[in-house]
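Novice: Once you've had a glance at the structure underneath, I'll fire off some questions.
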Amino acid sequence: MKALTTIKSRFVPINIENIDTDQIIPARFLKATTKEGFGKNLFRDWRYENDDESKTIAHFPLNMSQFDGEILVAGKNFGCGSSREHAAWAILDAGFRVVVSSFFADIFKNNALNNGVLPVQVSDGFLQRIFLQDNNTELTVDLENQSITINSTGEQENFEINPYKKTCLLNGYDDIDFLLSIKPEIEKFETDKNY
Amino acid sequence: MGKTLFEKIWEKHIVKTIDNGPSVLYIDKHFIHEVTSPQAFTGLNNRGIKVFRPNQVVATADHNVPTIDQHLPIKEELSRLQVEALIKNCAEHDIELFGLGHPYQGIVHVIGPELGITQPGMTIVCGDSHTSTHGAFGAIAFGIGTSEVEMVMATQCLLQSKPKMMRINVEGELKKGVVSKDIVLYILSKITASGATGYAVEFAGSAIRSLSMEARMTICNMSIEMGGRCGLIAPDETTFNYIKGREFSPKDDEWDKLLVEWKNLYSDSDAKFDNEVFIKAEEIEPMITYGTNPGMGIGITENIPTAETINENDRSGLSKSLSYMGLEQGKAIKGQKIDYVFIGSCTNSRIEDLRMVASFVKGKKKAADVEVWIVPGSKQVEAQAIAEGIDKIFEDAGFLLRQPGCSACLGMNEDKIPAGKYCISTSNRNFEGRQGAGARTLLASPLTAAAAAITGVVSDVRELLN
Ligand code: SF4
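Sequence order for the protein chains is D and U. Per my numbering, residue 1 is the first one in the first sequence, and the count goes up by one each step. Per my numbering, residue 1 is the first one in the second sequence, and the count goes up by one each step.
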């Protein structure tokens, strides 16, 4: 997993609530057996008409050249629905390291963190103020200080992250490395368990 | 202070807790399927390690499989490659696979319970969000991502933070024509699709207690649609009777020993819940969804909400959903034309669901311009339906009984609903494009779906019951 400390970048706004993982990456693209290459199908059915790559839907932000950056900003309850980690892979593969929303679904949040994508949960009001910014505005996400700033106005908010997950992300550690390192304790638990 | 059902199971499975961090949770059973496991096996292979406890892993092929001519090679190449990868990975890692052609094959959340693998007090995970289904047995069961599938394969453990506790009490008696799917759609319409995010949800109350195991599974299945980490129901005689004598259920002395433990699995009377919801069973009528998330449901006699009648925050979502669905604010949902009926998925594809549909449609014919697909949840359900003559009833009604798999629940195989068509579906998700690009899904109970199959329009099943 790639470490993440501070991201200063423009952002891509998708001002839609309840974006579920079927929209992020439709089921028909889940047939791969590797983690790479999902980015081109991120939000597939919102990007192209009738699944036809020659017919891009002009008003969808990912298709608009004025939007760019490593930060995706989306409406409330982002990532609900299916547990497919492919959603996090697609977001990462499309070049995003941070997703900002005012609410995240549980499984998506875990999946994102396990792939080095930082979910930043802000207040509804702060989220709306980001959406009001023009496309040249940069945001700064500082993981160490757990803060997000709208650089043009200086408005800032703090966000929560589990301290353990924060350490993992700052250093690029995976959970699996940690779990493997405590295998003797797991084996002992198995012998001792009383159920 | 007393403990909740969840806490009793959770505490027994904690290997250790990291300071200021999550706990290491031991996992008893791990179900895997072809779609979310290949990258996890690749991860293990890259590290040069084997699955740690292969006896605690059970595999099946369900998401991608065709539902007709299952004996033939899978036509779609990428689907075939995923199923083949599963076969190869299971062989290399000594994992039991109930693959295509096996008499136990089926949707992962249908076969676990019906084989007696799912038991009270367990921790159960699977790379699929509807793992919450298994919580109906009084187990902690939840969906995980592929990185977590890899962790469980490598160490039989996961890092988890303890969720908050929520209890949803459904008291009273259900009215005629109202079944467990209606209960859960009703709860969703009240608390919304994110109403239980961050919570482990226990379902309790007299209406829940009176349900069969299969009906309980339908409810826990959809706890993820409320955003819940998992759903649970305390085990009781109904649970024990269901498990007893199944293929992999405990036998003899082991059964006696476990039964004593299982009987302690309930929330103590002084247990603390962070949130409690109370629902009266009498208030529930047959439910149907009109929008593009499972929280957008109404009673069958109600009108689609208008912007003025709903919460301000949900307004933009309402018009976007209705334009996708081709439906109008304020209009009745009853009478809406239907093109497809899908009875299947891990929510409602068990033998009781098929029996319920069969007893309703016996002697009736489907509407001429409706296509009806019945997809059993497993090979065992299929065999049972044939043994009971249910397949004949369906055939006479003009319904097609297909072979087991996830099918049109997520449209990964050929079973897709064409763009713009209306499908009344017993599955759990009505998201845009879920059943095929542009498909319009209305979620309902098997009874309400069967009623639409007969009339060709959204109907109140109560008017058709004698
Ligand atoms: S039937 Fe649908 S919800 Fe259930 S496991 Fe299959 S795809 Fe998931």
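All C-beta atoms in this analysis are idealised placements derived from N, C-alpha and C, irrespective of residue type, glycine included.
Give, in chain order, every residue of the stretch 3-23 of chain D whose Cβ lies closer than 9 Å to some Cβ of chain U.
Specialist: N15, I16, E17, N18, D20, T21, D22 and Q23
Novice: One question on the structure: do I183 of chain U and R402 of chain U come within less than 7 Å of each other, judged by their Cβ atoms?
Specialist: no
Novice: Report the residues of the stretch 409-434 of chain U with a CB closer than 8 Å to any CB of chain D, ordered along the chain.
Specialist: L410, G411, M412, A419, R429, F431, E432, G433 and R434
Novice: Looking at L188 of chain U and the ligand SF4, is the gap between the Cβ and the nearest heavy atom below 6 Å?
Specialist: no
Novice: So if DSSP puts R440 of chain U in a beta bridge, which residue, or which two residues, is it bridged to?
Specialist: U:Y422
Novice: Which residues does DSSP list as the beta-bridge partners of M226 of chain U?
Specialist: Answer is none; M226 of chain U lacks a bridge partner.
Novice: Give the straight-line distance between the Cα atoms of K280 of chain U and R167 of chain U, rounded to the nearest whole angstrom.
Specialist: 14 Å
Novice: Kindly list the residues whose CB is nearer than 7 Å to the CB of F38 of chain D, restricted to its own chain and excluding five residues on each side of it in sequence; keep chain order.
Specialist: I25, F29, H86, W89, A90 and D93
Novice: Looking at the structure shown, is F11 of chain D part of a helix, part of a strand, or coil, going by DSSP?
Specialist: Three-state result, F11 of chain D: strand.
Novice: Distance, Cα to Cα, G127 of chain U vs G106 of chain U?
Specialist: Using only the alpha carbons, I get a separation of about 16 Å.
Novice: So what does DSSP say about L259 of chain U, is it helix, strand or coil?
Specialist: helix
Novice: Check whether the stretch 332-340 of chain U and the stretch 352-362 of chain U are in contact - that is, three or more C-beta pairs closer than 8 Å.
Specialist: no
Novice: Could you give the distance in angstroms between the alpha-carbon of N145 of chain D and the alpha-carbon of L4 of chain D?
Specialist: 13 Å
Novice: Could you give the first and the last residue of the continuous alpha helix (DSSP H) run that contains E190 of chain D?
Specialist: K183 to D192
Novice: At 4 residues or longer, what runs of the alpha helix (DSSP H) sit wholly inside the stretch 115-167 of chain U?
Specialist: 146-155
Novice: Do the CB positions of A453 of chain U and V370 of chain U come within less than 7 Å of each other?
Specialist: yes
Novice: Can you tell me whether S147 of chain D sits near the ligand SF4, meaning its C-beta is under 6 Å from at least one heavy atom of the ligand?
Specialist: no
Novice: Taking Cβ positions, are A437 of chain U and A408 of chain U nearer each other than 7 Å?
Specialist: no
Novice: Assign T309 of chain U to one of three DSSP states: helix, strand, or coil.
Specialist: helix
Novice: Give me the residue from U:G291, U:P120, U:E173 and U:H71 with the minimum Cα distance to S206 of chain U.
Specialist: Of the candidates U:G291, U:P120, U:E173 and U:H71, the one whose C-alpha sits nearest the C-alpha of S206 of chain U is U:E173.
Novice: Quick one: is K3 of chain U near chain D, going by C-beta distance under 7 Å?
Specialist: no
Novice: Closer than 9 Å by beta-carbon distance: list the chain U residues that pair up with E85 of chain D, in chain order.
Specialist: At a C-beta separation below 9 Å, E85 of chain D has these neighbours in chain U: T36, Q39, G127, I144, G145, T146, S147, E148 and V149.
Novice: Output the distance between the C-alpha atoms of G130 of chain D and V201 of chain U, rounded to the nearest integer angstrom.
Specialist: The sequence given here has Ile at residue 130 of chain D, not Gly. Their backbone Cα atoms lie some 34 Å apart in a straight line.
Novice: Any heavy atom of the ligand SF4 closer than 6 Å to the beta-carbon of D128 of chain U?
Specialist: yes
Novice: Nearer than 6 Å: is that true of the beta carbon of C406 of chain U relative to any heavy atom of the ligand SF4?
Specialist: yes
Novice: So, using beta-carbon positions, are K76 of chain D and E160 of chain D closer together than 7 Å?
Specialist: Their beta carbons are not under 7 Å apart, which means K76 of chain D does not touch E160 of chain D by this criterion.
Novice: Report yes if the C-beta of C346 of chain U is less than 6 Å from at least one heavy atom of the ligand SF4; otherwise report no.
Specialist: yes
Novice: Give a yes or no on whether the C-beta atoms belonging to D124 of chain D and S147 of chain D are separated by under 7 Å.
Specialist: no
Novice: Given 6 Å as the limit, tell me if C409 of chain U has its C-beta closer than that to any heavy atom belonging to the ligand SF4.
Specialist: yes
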